[in-house]
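Numbering (my numbering), first residue to last: 48 to 262.
Next comes the structure, spelled out in structure tokens:
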């Protein structure tokens, strides 16, 4: 979507463009925070290569797309995937610590600010693929992947885990959609009020002109 070229022609898009810019600025701080968290977690199990490599490449992917395609919203979808990758990175760095899974929910909530429900999809895909592949490998003896601290990740546990993740992502996507919808409704109502005020002023001027002509 080419936002800058459409702004002048559509005030509604001007509003959405400003929402996008505010969200972008906020994401800059969160991405730096995520990278620093990776460095902090590296001190526990000496995972500096993962923190610098995976974290650095994630930031490179996001900012490269953002700089190379400034008129596209593709970078937002890359951001969504990157947040999912950071979650996987943190889980590995902490050797399967369960609490690291909550970064999926944090990332999903952050994406609400863009007011685009579709941004939940890339991160959801990353989370689903990561959990499915790593759980399978973990159960087949690949314990150095550090997906979980459980000896065996049961299918029932996996299904419940994924269903709860899906519910969270659905709720966040719904909030994003409703925020966008409510803002569009409010914007249309504001425009209608402006038009009604203009019509009222024109009607008043016509009446005044008619009274002057009668005199």
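All residues carry an ideal CB built from backbone N, CA and C; glycine is no exception.
Worksheet entry | N- and C-terminal bounds of the alpha helix (DSSP H) containing residue 123 | 121-140
Discussion item. My parser needs the beta strand (DSSP E) runs of 3 or more residues fully inside the stretch 152-196; what are they?
Written reply: none
Worksheet item: At what residues does the alpha helix (DSSP H) containing residue 144 begin and finish?
Response: Counting along the chain, residue 144 falls outside any alpha helix (DSSP H), and DSSP gives it neither H nor E.
Worksheet item: Would you report the Cα separation of residue 182 and residue 242, rounded to the nearest angstrom?
Response: 59 Å
Worksheet entry | Buried versus exposed, by CB contacts within 10 Å (16 or more), residue 127 | buried
Worksheet entry | Option nearest residue 125 by Cα separation, candidates 71, 61 and 100 | 71
Worksheet entry | Local conformation of residue 93 per DSSP, three classes | coil
Item to complete: Answer with buried or exposed for residue 105, where buried requires no fewer than 16 other C-beta atoms within 10 angstroms of its C-beta.
Response: buried
Worksheet item: Looking at residue 81 and residue 142, is the spacing between their C-beta atoms short of 9 Å?
Response: no
Practice prompt. Buried or exposed for residue 207, please, with buried defined as at least 16 other CB atoms from any protein chain shown within 10 angstroms of its CB.
Written response: exposed
Worksheet item: Grouping DSSP H, G and I as helix and E and B as strand, with all else coil, what is residue 231?
Response: helix
Discussion item. Quick check on residue 201: does DSSP put it in helix, strand or coil?
Written reply: coil
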